Amino acid sequence: MKNKLRQISWDEFSSMDAMTKAPYMTENGRSFHVLTAQQFTRPMLEELCSLATDVRRIAKTREGSAFLQKQLFEKRAMLYFAQPSTRTYLSFYSACQIIGMQTMNVRDSSTSSEMKGESPEDSVRTFSSYADLIIMRHPAGGFAERIAWMLSNISRPVPVVNAGSGKDQHPTQALLDIYTLARSFEHTDGIDGKKIAFVGDLKRGRTVRSLAWLLTQYQGVKAYFVAPRELQIGEDILGQLDAAGMPYEISYDFEKVIPEVDAIYMTRIQDEWDVNNESSRVNTAAYHFTREHLNILGEHAVIMHPLPRRLEIDPAVDSDPRAVYWRQVRNGMWIRAALMLTIFKHDGAIIDYSREHQL
Ligand code: CP
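Using the numbering used here, read the sequence shown as starting at 318 and increasing by one per residue.
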């Protein structure tokens with residue numbers, strides 16, 4: 318079956334909810350575009366995590382690195398980042414290098430012909446003339462979906478990976494978060510049955526929105542949403558969790574939640590979305606993780622953060638083995654390499670190499 322986005326109008330597609338849209342992002346049963354967390358099922362997540370581990374192990378040797386670099390040497394990726402980024406940009410860039418993909422970039426629209434009045438749609442259409450993959454971050458929610466629809470309906474369809482869109486989705490961050498959780502809990506029965514607290518600006522944090530959905534794919538997971546009232550999680554996400562049957566608690570008492578959970582996912586205040594500097598009037602101090610909190614955190618629990626951070630985790634916490642946010646950064650490179658290999662159907666070659674070399 319061909320790319321289904323060719324069979325539907327933009328008006329019809331854009332009016333669907335995230336679950337209904339999900340099958341339109343696939344081609345022959347695998348992700349073609351990567352736009353939302355809702356397009357990933359548990360088998361897909363497990364395959365991606367396993368592939369990321371294969372890539373990570375293969376890359377340890379010189380021979381393995383050379384094998385990986387042969388995979389996608391004929392492909393070019395366009396990194397279009399119309400919003401600031403350190404980790405997402407660099408991990409995609411590094412992942413492209415690992416699997417041999419050439420890269421181009423526009424990291425600031427003010428350096429492109431958008432400054433001469435070209436529409437963002439025409440800009441990306443131009444990028445697609447040179448590239449085999451568009452990796453894009455954009456402040457407008459839903460813009461990556463619009464581009465994916467547009468680039469599905471040209472003579473040479475080009476896949477689009479959403480590297481962060483507006484306040485709504487950051488699916489590849491959620492993938493690296495799942496990979497980090499899976500690695501953190503590999504000796505304690507995996508992600509199933511775990512209690513996971515989300516803390517901070519849950520109203521505007523796109524990483525939380527994407528990860529909360531992916532956790533519905535695991536059995537018996539319970540979420541805790543811990544934030545000041547002004548920054549609590551949106552009803553739309555809670556509705557999706559209700560529909561998926563995932564239990565959750567809304568909490569305003571961080572210190573009560575800390576000892577109860579297996580993972581704490583901290584987030585910063587997303588004040589770039591403020592209209593009238595409203596975040597500055599919210600007292601968030603009670604939602605910071607301090608070094609004293611390490612004493613009440615479970616022995617096998619982990620502290621995560623998509624980063625960048627501000628004051629919400631004391632740097633003194635960094636050296637505790639339960640702080641895994643720097644591991645998340647590196648895991649992003651491996652899972653993004655795995656994702657791109659899957660899009661271009663090179664996952665089988667990686668699995669074969671891994672088996673042959675008993676990695
Ligand atoms: N986590 C994340 O998206 O970081 P960057 O904004 O630095 O890419």
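From the three backbone atoms N, C-alpha and C, an ideal C-beta is built for every residue, glycine too.
Everything numeric in this text was worked out from a predicted model, so none of it was measured.
Closer than 9 Å, CB to CB, is residue i near chain D or not?
i: residue 620; result: Note that chain D does not occur in the displayed structure, where there is just one protein chain.
Any idea what DSSP makes of residue i, helix, strand or coil?
i: residue 618; result: coil
i: residue 396; result: strand
i: residue 467; result: helix
i: residue 335; result: helix
i: residue 475; result: coil
i: residue 383; result: helix
i: residue 565; result: strand
i: residue 581; result: strand
i: residue 378; result: coil
i: residue 326; result: coil
i: residue 486; result: strand
i: residue 343; result: strand
i: residue 556; result: helix
i: residue 320; result: coil
i: residue 677; result: Nothing can be reported for residue 677, as the shown portion of the chain is limited to 318 through 676.
i: residue 408; result: helix
i: residue 402; result: coil
i: residue 669; result: helix
i: residue 675; result: coil
With C-beta atoms as the reference, is residue i less than 9 Å away from residue j?
i: residue 488; j: residue 320; result: no
i: residue 677; j: residue 550; result: Residue coverage of the chain in this structure runs from 318 to 676, which leaves residue 677 outside it and unanswerable.
i: residue 584; j: residue 518; result: yes
i: residue 412; j: residue 651; result: yes
i: residue 621; j: residue 497; result: yes
i: residue 658; j: residue 492; result: no
i: residue 514; j: residue 507; result: no
i: residue 470; j: residue 323; result: yes
i: residue 590; j: residue 484; result: yes
i: residue 511; j: residue 535; result: yes
i: residue 671; j: residue 359; result: no
i: residue 356; j: residue 369; result: no
i: residue 637; j: residue 611; result: yes
i: residue 457; j: residue 402; result: no
i: residue 427; j: residue 455; result: no
i: residue 409; j: residue 477; result: no
i: residue 530; j: residue 327; result: no
i: residue 599; j: residue 613; result: no
i: residue 562; j: residue 533; result: yes
i: residue 405; j: residue 649; result: yes
i: residue 641; j: residue 571; result: no
i: residue 453; j: residue 399; result: yes
i: residue 654; j: residue 468; result: no
i: residue 445; j: residue 423; result: no
i: residue 528; j: residue 490; result: yes
i: residue 538; j: residue 559; result: no
Taking 8 Å as the line, does the beta carbon of residue i fall inside it for any heavy atom of the ligand CP?
i: residue 401; result: yes
i: residue 341; result: no
i: residue 535; result: no
i: residue 488; result: no
i: residue 524; result: yes
i: residue 456; result: no
i: residue 404; result: yes
i: residue 352; result: no
i: residue 624; result: yes
i: residue 417; result: no
i: residue 481; result: yes
Review point. What are the complete beta strand (DSSP E) segments, minimum 3 residues, inside the segment 424-462?
Key: 450-455
Exercise for review: Flag this pair as touching only if the segment 514-534 and the segment 632-644 have three or more C-beta atom pairs under 8 Å; answer yes or no.
Suggested key: no
Check your understanding: For the segment 489-546, which segments carrying the alpha helix (DSSP H) assignment without a break, of at least 4 residues, lie completely within its bounds, in sequence order?
Key -> 523-532
Check your understanding: What are the uninterrupted segments assigned as beta strand (DSSP E) that are 3 or more residues long and contained completely in the segment 589-666, given in chain order?
Key -> 619-621
Practice item. Check whether the segment 610-623 touches the segment 574-582, taking contact to mean three or more Cβ pairs, one atom from each stretch, closer than 8 Å. Key: yes
Review point. With a cut-off of 8 Å, do at least 3 Cβ pairs link the segment 453-468 to the segment 342-360?
Key: yes
Practice item. Mind the definition here: the segment 391-402 touches the segment 441-449 only if three or more C-beta pairs lie below 8 Å; say whether that holds. Key: yes
**Study point:** Any 3 or more C-beta pairs closer than 8 Å across the segment 535-543 and the segment 552-568
**Key:** yes
Practice item. Kindly confirm or deny that the segment 383-392 and the segment 417-433 touch, where touching means at least three C-beta pairs closer than 8 Å. Key: yes
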